[in-house]
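Q: Mapping the first sequence onto the working numbering, position 58 (from 1) lands on 44, and the numbers just tick up by one.
Every residue gets a Cβ at the ideal spot worked out from N, C-alpha and C, and that includes glycine.
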Amino acid sequence: MSVTWSDWLPLEHTSQFTPALLAETLDGGQAFRWSFHADDDFWQGTFGKHLVRIRIEKSMTLRCSFPNGAENSINALRSYLGSETNWESILDSLPWRSDEHLATCLAGFRGLRILKQPFAETVLCFLCSATKQIPQIKIMCARLAAELGDEIVPGIHALPTWEQLNAASEVQLRALGLGFRAKNIKRTAEQIAEAPGLLDTIEGLPYAEAKAKLLALAGIGEKIADCALLFGAGKLEAFPVDTWIIKVLQTRYQLHGWTPSQLAQFGRVHFGRYAGFAQQFLFSYERLSARKR
DNA sequence: AGGCAGGTGGCCA
DNA sequence: TGGCCACCTGCC
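Here it is in structure tokens:
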């Protein structure tokens, strides 16, 4: 039996969003669960127990579709996409007036957003991300879902919960191609099992405290903690420093010789309370430049 | 065919 | 603290 889908429901109208920006937001390294269906021009993905399709029309209207009967996922989707957030105003508050390179990046990706993904699965996806490129991370996440996650509709699974992960063995996780990440995921699953409600607590904490608690989990260092807090907990001040951002800050901000930790500090101070939002523009711009070469 | 990829943790000075 | 290296796997 196959899934039937609802009509395309209007999600929001925006003059800023474009197909390229939707792609960059859903599939540019924040989330790893979206795939583009070129034939019918829509994105399909899951977050939590929601299965969703999104498309953008020429009139710049975002429309969405759900498996019949699951139409109320639209509320969760609005939250996921930050539909209620005034991104334009946050963007304007970034220090682009005194930072020429930031201004260039903002101009190139105006309309880009930060997702608000379910925190627990954001932690999982970024535990998979260590020294992997986006396509590999997506494969790992897909395998985790297929093998361990609940089935949302026939053939499509949610990412596993931490309870489901804890029920798996490290050997079983390794068999999914996770490599050394399997041990970290297994250990973190155990730590979470020992402290029920831990992730919910962390999500509700202020940035610095939340980060300190995340760093105590196996396999989570500065970068992964910041990614989880930025893309999964709405903490826009989190400033993940990965190899791309190191390169940007060294070459375009003349910060050669700075350690990743010092660069993170610089980022939070220089870009301010929405540093993570700024980071995403620097990241997208740098990645796009690299692909063109 | 070997190096490297959106890191982390452990070990050493 | 700061630098180095092992760690899985797959793709260029």
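I believe residue 105 touches residue 185 by the beta-carbon criterion, under 8 Å. Please report the beta-carbon distance rounded to the nearest angstrom.
A: Within the first sequence, the letter at position 119 stands for residue 105. Within the first sequence, the letter at position 199 stands for residue 185. Confirmed, Cβ separation roughly 6 Å.
Q: Taking contact to mean 3 or more Cβ pairs, one atom from each stretch, closer than 8 Å, check whether the segment 137 to 146 and the segment 208 to 225 are in contact.
A: Cβ pair count under 8 Å is below three, so no.
Q: Between residue 47 and the rest of its own chain, which residues show a CB-CB distance below 7 Å, the 5 nearest in sequence each way excluded?
A: Translated into the one-based positions of the first sequence, residue 47 becomes position 61. Taken in chain order, the residues that qualify are -4 and -1.
Q: Among the residues of its own chain, which have a CB less than 8 Å from the CB of residue 88, if the five just before and after it don't count?
A: One-based indexing of the first sequence puts residue 88 at position 102. Hits under 8 Å: 80, 81, 82, 257, 264, 267 and 268.
Q: For residue 88, is the beta carbon positioned less than 6 Å from some heavy atom of the ligand SAH?
A: By its list of ligands, the structure shown contains no ligand whatsoever, and the ligand SAH lies outside what it can speak to.
Q: Answer yes or no: do residue 244 and residue 272 have a C-beta to C-beta separation smaller than 7 Å?
A: Taking the first residue of the first sequence as position 1, residue 244 is located at position 258. Taking the first residue of the first sequence as position 1, residue 272 is located at position 286. Cβ distance not < 7 Å, so residue 244 and residue 272 don't count as in contact.
Q: Determine whether the beta carbon atoms of residue 99 and residue 68 lie at a separation below 7 Å.
A: The residue labelled residue 99 in the question sits at position 113 within the first sequence. The residue labelled residue 68 in the question sits at position 82 within the first sequence. In contact: residue 99 and residue 68 (Cβ atoms closer than 7 Å).
Q: How would you label residue 126, buried or exposed, when you count the other beta carbons within 10 angstroms and need 16 or more for buried?
A: On the first sequence, residue 126 is found 140 positions in, with the first residue counted as 1. Burial call: buried.
Q: Excluding the 5 residues preceding and the 5 following residue 110 in the sequence, name in chain order all residues of the same chain whose CB lies nearer than 8 Å to its CB.
A: In the first sequence, counting from the first residue as 1, residue 110 sits at position 124. Same-chain partners within the cutoff: 127, 130, 145, 146, 148, 151 and 171.
Q: If you check the beta carbons only, do residue 224 and residue 215 fall under 7 Å apart?
A: Against the first sequence, residue 224 aligns to sequence position 238. Against the first sequence, residue 215 aligns to sequence position 229. The answer is yes: Cβ separation under 7 Å.
Q: Taking the DSSP output, what are the residues bridged to residue 139?
A: Stepping through the first sequence from its first residue, residue 139 is reached at position 153. Note: residue 139 sits in a beta bridge opposite 142.
Q: Excluding five sequence neighbours on each side, which residues of the same chain lie with their C-beta closer than 6 Å to the C-beta of residue 124?
A: Mapped onto the first sequence, residue 124 falls at position 138. Same-chain partners within the cutoff: 18.
Q: Assign residue 28 to one of three DSSP states: helix, strand, or coil.
A: What you label residue 28 is simply residue 42 of the first sequence in a count that begins at 1. Strand at residue 28.
Q: So what's residue -12 in DSSP terms, helix, strand or just coil?
A: The sequence position of residue -12 within the first sequence is 2, counting from 1. Coil, per DSSP.
Q: Which of helix, strand or coil does DSSP assign to residue 69?
A: As a position in the first sequence, residue 69 is number 83, starting the count at 1. Residue 69: coil per DSSP, three-state reduction.
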